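What follows is a short report on a single structure.
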Amino acid sequence: ADLPVVCPVHPSGGYLSGGGEYVYVGSYGVREHKNDLARQLDACSEVLKRVKRGGFVNVHSGVDAWTTEEAVDFLAFASAAAGKCDFDVCFETHRQRLFGSPFSTRELLSDDRVSTLTHLRLNADLSHWFVSCERVFDQAEARDAGWWPELLGKIASRCDYVHCRFGFAQGPQIADPSAEEYEKEVNLQLRNWMTLWKAQVARGKEECWCSPELGPQPYMPSMPHTQKDVADLANSVHWTKERIQETFQQEVVQ
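Be aware that the sequence shown starts at 138, since it is given in the numbering used here, and climbs by one per residue.
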């Protein structure tokens, strides 16, 4: 198909248990996460060598329960490992992981030991932050005006990839983002994404990467008893993709 590949890496996770349950984080040990990251980056290298157009790696990094010292230790290792790769590596903002909260992310990125890590690039999946904080951040609101623009700028300076899923106060995924009742949330998130891409263009990026990453259940809400999706997933993905392209063309490409 002559398409590039995005390789997902879940250190110490991303597998099924003996009972068939999905394990997202299987260990809290920093050493285990380091070893597994190195192993999976080696595996990704072998995969990407066989892909004509190459690609890059997206890492779900660390554990939200780690201390600052543990987090800094892992991120220093991860940045060094990424710097040795002949492909790009980015680290996702995701619940249960190191960047699962905007405020823990702010503290880590502001730490002198982390701020100098050149190869610590980010995948901004901000939908996780909106549900964890129970609001889509709005710089026009007093509660967000004093911190959100600055943090978004920090993210933008390191962002190489965006997971474009519309989140809301009570969940990481709006089932049908075309619904009028979510117009405010959709517009706020489009504004965030355009800020990230404008920063990429200003750095000289020739391509801006994103995924309209709406997912099936449990990301897609379902009806009680029948477990039927409350919206058509394919339609929601298509609508999101079209809205992104339209807004990108208007605000970034111009």
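The beta-carbon is built from N, C-alpha and C at its ideal position, and this holds for glycine as well.
Quick caveat: nothing in here was measured; it's all calculated off a predicted structure.
| query | result |
| --- | --- |
| Chain-order list of residues whose beta-carbon lies under 6 Å from that of W346 (same chain, five-residue window excluded) | Y298 |
| Alpha helix (DSSP H) runs wholly inside the region 292-369, at least 4 long, in chain order | 320-339 |
| R302 and S252 closer than 8 Å at C-beta | no |
| Short Cβ contact (8 Å threshold) for E255 with G220 | It should be noted that the sequence gives Thr, not Glu, for residue 255. In contact: T255 and G220 (Cβ atoms closer than 8 Å). |
| Sequence-distant residues of the same chain with beta carbon closer than 6 Å to F236, five excluded per side | T230 and T242 |
| Reference L288; option with closest CA among N372, C227, A261 and I311 | A261 |
| Per-residue DSSP class, three states only, for L289 | helix |
| Which of helix, strand or coil DSSP assigns to V143 | strand |
| Contacting residues, own chain, Cβ-Cβ under 7 Å from T115 (five flanking each side not counted) | There is no way to answer for residue 115, as the model of the chain reaches only from 138 to 391. |
| Simplified DSSP state of V268, which is helix, strand or coil | helix |
| Residues near K291 in its chain [Cβ-Cβ closer than 6 Å; skip 5 each side] | L246 |
| Beta-bridge pairing of F214 - partner residues as DSSP gives them | None; F214 has no bridge partner. |
| P309 to K189 span [Cα, whole Å] | 34 Å |
| Alpha-carbon to alpha-carbon, V167 and D173 | 10 Å |
| Proximity below 8 Å, CB of R258 to CB of V209 | no |
| Range of the contiguous alpha helix (DSSP H) that encloses R250 | D249 to S252 |
| For C222, three-class secondary structure by DSSP | coil |
| Beta-carbon proximity of P349 to V390, cut-off 8 Å | no |
| Cut-off 6 Å between Cβ atoms - residues of its own chain near Q177, not counting five sequence neighbours on either side | V146 |
| Any non-hydrogen atom of the ligand ATP closer than 7 Å to F305 Cβ | The model on display carries no ligand, and the ligand ATP is accordingly not part of it. |
| G150 versus V184 - alpha carbon distance | 19 Å |
| Spatial neighbours of A282 in its chain, beta-carbon cut-off 6 Å, leaving aside the 5 residues before and after | Q276 |
| Distance between beta carbons of A218 and A175, contact taken as under 8 Å | 6 Å |
| Residue environment, E343, which counts as buried when at least 16 other CB atoms sit within 10 Å | exposed |
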